[in-house]
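Chemist: First residue of the sequence shown: 1, per the UniProt record's numbering; consecutive thereafter.
Pasting a structure here, questions to come.
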Amino acid sequence: MKKKQENTYLFNQHKWKGIKITKSAIKQILFLMNLNTENQGIKLSIKKSGCAGFRYIMEFFNTKKTPEKEDNIIFFYENILIQVSKKDIPFLDGVKIDFIKNNINQVFKFNNPKLEKFCGCGESFAIND
1 MKKKQENTYL
11 FNQHKWKGIK
21 ITKSAIKQIL
31 FLMNLNTENQ
41 GIKLSIKKSG
51 CAGFRYIMEF
61 FNTKKTPEKE
71 DNIIFFYENI
81 LIQVSKKDIP
91 FLDGVKIDFI
101 KNNINQVFKF
111 NNPKLEKFCG
121 CGESFAIND
């Protein structure tokens, strides 16, 4: 049986730059969280997807229904509780999350300074590490 190799982030070798969230994104996240009183925060992660490799996932979590795992880091940003898996930190380190409204379109935009390539539709990305 072949052992699956996972990339891990070595905290002693990299300085964590953190995640930044714009005021418009904070406002929208708090608005969406308040629609369901069971929401306690957001979980940020990445998923293999598309032609470039990965895509960002942002979802609400409730620790009563989904207990926190040991491999997750949980911290506050403004009034938002954020959960990130340690294995996803290299992909989220330095990311700035914005909320864009353009006529009828509304979207959370992840701006990553380490972006190496992305697909034409903007759905997936790859980063420099």
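The beta carbon of each residue, even a glycine, is placed where N, CA and C say it ideally should be.
(1) When DSSP builds the beta bridges, which residues end up paired with Gln-106?
(2) What are the start and end residues of the alpha helix (DSSP H) that includes Leu-30?
(3) Find out if the Cβ-Cβ distance for the pair Ile-46, Asp-88 is shorter than 8 Å.
(4) If you drop the 5 nearest sequence neighbours on each side, which residues of the same chain put their C-beta closer than 7 Å to that of Ile-29?
(5) Based on the DSSP output, what are the partners of Phe-91 in its beta bridges?
(6) Helix, strand or coil: which one does DSSP assign to Lys-114?
(7) Could you tell me which residues DSSP pairs with Gln-40 in its beta bridges?
(8) Cα separation between Leu-44 and Asn-102?
(9) Based on DSSP bridge pairs, tell me the residues matched to Lys-48.
(10) Out of curiosity, what's the CA-to-CA distance linking Met-58 and Lys-109?
(11) What did DSSP end up calling Lys-20 once you bin it into helix, strand or coil?
(12) With 16 as the cutoff for other CB atoms within 10 Å, does Leu-92 come out buried or exposed?
(13) Applying the 10 Å Cβ sphere with the 16-neighbour rule, what's the burial state of Val-107?
Modeler: According to the structure shown:
(1) Walking along the sequence shown from the start, residue 106 turns up at place 106. According to DSSP, which records beta bridges pairwise, Gln-106 is partnered with Lys-101.
(2) Here residue 30 refers to the residue found at position 30 of the sequence shown. Element bounds for Leu-30: 23-34.
(3) Here residue 46 corresponds to residue number 46 of the sequence shown, with the count starting at 1. Here residue 88 corresponds to residue number 88 of the sequence shown, with the count starting at 1. A contact, by the Cβ cut-off of 8 Å.
(4) As a position in the sequence shown, residue 29 is number 29, starting the count at 1. Correct list, in chain order: Ile-42, Ile-80.
(5) For the purposes of this step, residue 91 is identified with residue 91 of the sequence shown, where counting begins at 1. The partner list for Phe-91 (beta bridge, DSSP) is empty, contrary to what the question assumes.
(6) Working through the sequence shown from its first residue, we reach residue 114 at position 114. In the structure shown, Lys-114 sits in coil (DSSP, three-state: anything other than H, G, I, E or B).
(7) Counted from its first residue, the sequence shown places residue 40 at position 40. Per DSSP, none; premise fails for Gln-40.
(8) By 1-based counting over the sequence shown, the position of residue 44 is 44. By 1-based counting over the sequence shown, the position of residue 102 is 102. If you take the alpha carbons of Leu-44 and Asn-102, they lie about 24 Å apart.
(9) Walking along the sequence shown from the start, residue 48 turns up at place 48. DSSP, once it has assigned bridges, lists Phe-54 as partnering Lys-48.
(10) Residue numbering aside, residue 58 sits at position 58 when the sequence shown is read from its first letter. Residue numbering aside, residue 109 sits at position 109 when the sequence shown is read from its first letter. About 11 Å.
(11) Taking the sequence shown and counting its residues from 1, one reaches residue 20 at position 20. If DSSP states are grouped into helix, strand and coil, Lys-20 belongs with the strands.
(12) The residue labelled residue 92 in the question sits at position 92 within the sequence shown. By the 10 Å Cβ count, Leu-92 comes out buried.
(13) Along the sequence shown, one-based indexing puts residue 107 at 107. Counting Cβ neighbours within 10 Å, Val-107 comes out exposed, since fewer than 16 surround it.
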